[in-house]
Amino acid sequence: MQYRTLGRTGIKVSPYCLGAMMFGGIANADHDDAIRIIHKALDFGINFVDTADRYSAGESEQIVGKALKGRRDSIVLATKVHGPMGDDPNMQGNSRRWITRAVEDSLKRLQTDYIDLYQIHRPSPDTDIEETLSVLTDLMRAGKVRAIGSSTFPVSEIIEAQWVAERRGLARFRTEQSPYSILDRGIERDMLPTCQRYGMGVLVWSPLSKGLLTGRYRKGQPLPEGGIRAKF
């Protein structure tokens, strides 16, 4: 396995990252099966695992935490914050109030004391980016987070975040995670050049277009009942 540098963090990652969105209740995934998948990926040399607090309401993080027991230090672990985690309207978003609590919840579920890459899952129009970057900077200084990134941000907001970070002396987004596949190449025009300009690593989600590019699904063929694809 050849490894690549994650943006300008100096962190070496496998070119394949194991996404954990489907682990847990969202896809009715059995915990033992999910853990076996993670272990098999690690055995093949993949050292990069990505999840989010919102995936199956925290269950995905719990599964990943169980799977990485005894192997944590050799894994680059990424997770995300932003999505709602309860009925309380303040249990979501990119505010200092929520991120301060959310990171502790993620650390507990993941059974670790640090996160290698902590990503803001979506931008938040009701929170200043300076507040978000400020709390992320504090988490890095506290050793709870090693690097920070964005996910599905528009180019304009990435540029704003980088400008604010430079002006205020705050931690910078080192990665952007965007949708990208042969069916969705939108990031090629503006996003990729912007990330190159700022030295940001690019992670992609849904490279197989939610399974449509695997060859499993055929035109005119109904999707399996109860399957996750039928929900999209």
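Those letters in the sequence shown? Residues 1 to 232, per my numbering, in order.
For every residue, glycine included, the Cβ atom is placed at its ideal position computed from N, Cα and C.
ask   = Any chance the CB of Asp126 is under 8 angstroms from a heavy atom of the ligand SAH?
value = By its list of ligands, the structure shown contains no ligand whatsoever, and the ligand SAH lies outside what it can speak to.
inquiry  = Output needed for Lys66: all residues of its chain with C-beta closer than 8 angstroms, excluding positions within five of it in sequence on either side, in chain order.
reply    = Taking the sequence shown and counting its residues from 1, one reaches residue 66 at position 66. Answer for Lys66: His31, Ile35, Gln111, listed in chain order.
message = Give me, in chain order, the residues of the same chain whose beta-carbon lies closer than 6 angstroms to that of Asp50; leave out the 5 immediate sequence neighbours on both sides.
response = Taking the first residue of the sequence shown as position 1, residue 50 is located at position 50. Result list for Asp50: Cys17, Gly19, Ala78, in chain order.
query = Given that a residue counts as buried once 16 or more other Cβ atoms are within 10 Å of its Cβ, and exposed if not, what is Arg218?
reply = Taking the sequence shown and counting its residues from 1, one reaches residue 218 at position 218. So Arg218 counts as exposed.
task = Using 10 angstroms around the beta-carbon of Ala147, count the other beta-carbons present and answer buried if the total reaches 16, otherwise exposed.
result = Sequence index remark: in the sequence shown, residue 147 carries index 147 (1-based). The residue in question, Ala147, is buried, as its Cβ has 16 or more Cβ neighbours within 10 Å.
task = Report all residues from its chain with a CB closer than 6 angstroms to the CB of Phe23; omit the five preceding and five following residues, and keep chain order.
result = Indexing the sequence shown from 1 puts residue 23 at position 23. So the list reads Ala29, Ala34, Ser60, Ile63, once near-sequence residues are dropped.
task = Using alpha carbons as the reference points, say which of Pro222, Gly186, Val81 lies closest to Leu133.
result = One-based indexing of the sequence shown puts residue 133 at position 133. Ranking Pro222, Gly186, Val81 by Cα distance to Leu133 puts Val81 first.
Local conformation of Gln111 per DSSP, three classes = Taking the first residue of the sequence shown as 1, we reach residue 111 at position 111. Residue state, collapsed to three classes: coil.
N- and C-terminal bounds of the beta strand (DSSP E) containing Arg141 = Numbered from 1 along the sequence shown, position 141 holds the residue referred to as residue 141. Element bounds for Arg141: not the beta strand (DSSP E) but the alpha helix (DSSP H), 129-141.
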